[in-house]
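Peer 1:
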Amino acid sequence: MTSIQDRLTADMKDAMRAGEKARLTVIRTTRAALQSAQLEAAKQRYDAAAREIEARHADDPAARDAALSAISADAHVVLDEADAEAVIAKEIKRRRDAAEIYRKASREDLASQEDSEAAILEAYLPKQMSVEELRPAVADLIAELGLSGPSSMGKLMPALMERFKGRAEGRLLSQVARELLAGT
126 MTSIQDRLTA
136 DMKDAMRAGE
146 KARLTVIRTT
156 RAALQSAQLE
166 AAKQRYDAAA
176 REIEARHADD
186 PAARDAALSA
196 ISADAHVVLD
206 EADAEAVIAK
216 EIKRRRDAAE
226 IYRKASREDL
236 ASQEDSEAAI
246 LEAYLPKQMS
256 VEELRPAVAD
266 LIAELGLSGP
276 SSMGKLMPAL
286 MERFKGRAEG
296 RLLSQVAREL
306 LAGT
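Here the sequence shown is numbered in this note's numbering, starting from 126 and rising by one per residue.
#1: What are the boundary residues of the alpha helix (DSSP H) that residue 300 is part of?
#2: Is the distance from the Cβ of residue 275 to the Cβ of residue 307 below 7 Å?
#3: Reducing DSSP to helix, strand and coil, say where residue 272 ends up.
#4: Hey, would you say the C-beta of residue 146 is under 6 Å away from at least one heavy atom of the ligand HEM?
#5: Rounded to whole angstroms, what's the CA-CA distance from residue 207 to residue 213? Just pull it up for me.
#6: Is the stretch 287-297 close to the stretch 243-257, with three or more CB pairs under 8 Å?
#7: How close, in whole Å, do the beta carbons of residue 217 and residue 246 come, if the pair is a contact with beta carbons under 8 Å?
#8: My guess is that residue 167 and residue 203 are in contact by the Cβ rule of under 8 Å, so how many angstroms apart are they, rounded?
#9: Please report the distance separating the alpha-carbon of residue 267 from that of residue 299.
#10: Over the uninterrupted alpha helix (DSSP H) stretch that includes residue 189, give me the two end residues.
#11: Could you check how far apart the C-beta atoms of residue 152 and residue 210 are, in whole angstroms? I think they sit under 8 Å.
#12: Start and end of the alpha helix (DSSP H) containing residue 282?
#13: Going by beta carbon distance, what residues of the same chain come within less than 7 Å of residue 158, once the five residues before and after it are set aside?
Shown next, in the form of structure tokens:
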């Protein structure tokens, strides 16, 4: 199985060969977002190691400096598939939010462009569950947790987000949960 990043690279080359400028731009911006996420992950790993070294060698500045200089600041942290999917999901959400704003401003041309970009990116994520698939699963979780009434949304949403992470959008989960809790 090829990784998301490998698929993006191959698809970028295909889009270049085919002259698909819109698709190429979307893939390039997504690859840049993945690169930013990799750099951020490397920075967090380095900062955590530095904090640990400083705590361990607080009383010995020479040992602290030697240990800090030995830390690798490798910026080539490889994102796992879940992290890459999270970055792509964030990019999709950003485009959907922009489309909504454009629609409110009566700019349907820009909104449809954002929607088409989101559709391109959806191909890199696992298939999302539909409302029809979610209803029984959410109802089962509500019963499992013993929740009822709209006041239970605060307890239900974290459980839903954990259980359906990467398989359903938070907005859709919230909509289905509100419908089901309103009926109980």
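A virtual CB, placed ideally from N, CA and C, is assigned to each residue, including glycine.
Peer 2: The short version:
#1: Taking the first residue of the sequence shown as position 1, residue 300 is located at position 175. From DSSP, the alpha helix (DSSP H) with residue 300 extends over 295-307.
#2: Numbered from its first residue, the sequence shown carries residue 275 at position 150. Numbered from its first residue, the sequence shown carries residue 307 at position 182. Against a cut-off of 7 Å, the Cβ pair of residue 307 and residue 275 comes out as a contact.
#3: Taking the sequence shown and counting its residues from 1, the one referred to as residue 272 is at position 147. Residue state, collapsed to three classes: coil.
#4: Ligands displayed in this structure: none; no statement on the ligand HEM is therefore possible.
#5: Position 82 of the sequence shown, counted from the start, is the residue given in the question as residue 207. Position 88 of the sequence shown, counted from the start, is the residue given in the question as residue 213. One C-alpha to the other measures close to 10 Å.
#6: With contact defined as three or more Cβ pairs closer than 8 Å, the stretch 287-297 and the stretch 243-257 are in contact.
#7: If you number the sequence shown from 1, residue 217 lands on position 92. If you number the sequence shown from 1, residue 246 lands on position 121. Yes, residue 217 and residue 246 are in contact; Cβ-Cβ is about 5 Å, under 8 Å.
#8: Translated into positions along the sequence shown, residue 167 becomes position 42. Translated into positions along the sequence shown, residue 203 becomes position 78. Not quite, the Cβ-Cβ distance comes to about 10 Å (not below 8 Å), so this is no contact.
#9: Here the question's residue 267 lines up with position 142 in the sequence shown. Here the question's residue 299 lines up with position 174 in the sequence shown. Approximately 13 Å, taken between the alpha carbons.
#10: For the purposes of this step, residue 189 is taken as the residue at position 64 of the sequence shown. From DSSP, the alpha helix (DSSP H) with residue 189 extends over 186-195.
#11: Translated into positions along the sequence shown, residue 152 becomes position 27. Translated into positions along the sequence shown, residue 210 becomes position 85. Actually they are not in contact, since the Cβ atoms of residue 152 and residue 210 sit about 16 Å apart, beyond 8 Å.
#12: Counted from its first residue, the sequence shown places residue 282 at position 157. Residues 278-288.
#13: In the sequence shown, counting from the first residue as 1, residue 158 sits at position 33. Contacts found: 212 and 216.
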